[in-house]
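Add 8 to the 1-based position in the sequence shown for the numbering used here, that's all there is to it.
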Amino acid sequence: MNVLKFQVEGGSAFEVQPTKLVVAGWTGRDAAAIQHHIEELAAIGVPRPSSVPLYYRMARSLLTQEVDIEMLGSASSGEAEPVLVRQGGRWWLTVGSDHTDRAVETYSVAVSKQLCAKPLACTAWAWDEVAARADALTLRSEIFEGGRWVTYQEGPMARIRPLPSLIDGLPADVPLADGLVMFCGTLGALPREDGVGIRPAERMRVQLVDGGRSLQHEYRVTPLPMVA
């Protein structure tokens, strides 16, 4: 199992041996926003959730801080998400991408997430140092499309359920122990001129902004051939 390594502002660093990975889904704070995202996904054939929020338990081996990932086929895409990491008896905040196979998602969201690597930034902030202003943090992503970087998602963390409430809602089989990593939800994709929102891209940047500083990660997707 790969060890995750994070740099913290001020020169400190820490390592994490992942023990559990949880991807929290349907975490919008506003009911209308949740419904919009459900409809957005339904438009590409994704089944509606049984309840909100949902906690998908994923294989910890999916976590990566590499800048290149490989995916089977070309139907996958990423989503910027705030990510909580438990280490040293405290929470740390970073940013990652819940990369998902959109073709498989049409019949099983859980399977579609399990098939994809989950890229993470190599930098983090202590959660207790930003918690009081967490709603004001900006979550953003860009994709490389048409030969240029375009904004794919953007909005305040206030549009996502408070992260402490997601922690409180964790299932009983997910203890609050060192090594727990939780993706905490995303924002809807901004549609391009033809109205298409969620779409694949060869390269993606995810970012969490706090005033003049940010956590960020950029990665490239290499599609592998589909053979039978």
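Glycine residues also receive a C-beta, built at the ideal position from the N, C-alpha and C atoms.
Contact check for residue 179 and residue 64: beta-carbon distance about 10 Å, past the 8 Å limit, so the pair fails to qualify.
The beta carbons of residue 135 and residue 99 sit closer together than 8 Å. With the rule of 3 Cβ pairs closer than 8 Å, the segment 172-190 does not count as touching the segment 111-119. At the C-beta level, residue 37 and residue 141 stay beyond 8 Å of one another. Counting only runs of 4+ residues, the alpha helix (DSSP H) found wholly inside the segment 68-130 occupies 110-113, 117-122, in chain order. In chain order, 87, 88, 147, 148, 149, 194, 195, 196, 197, 198 place their CB closer than 8 Å to the CB of residue 161, counting only its own chain and leaving out the 5 sequence neighbours on each side. Partner residues in a beta bridge of residue 198, as assigned by DSSP, do not exist.
DSSP places residue 214 in the uninterrupted beta strand (DSSP E) bounded by 211-218. In the structure shown, the three-state DSSP call for residue 133 is strand.
With contacts defined as CB atoms closer than 8 Å, residue 101 and residue 232 fail to qualify as a contacting pair. Within the DSSP bridge table, the entry for residue 160 names no partner.
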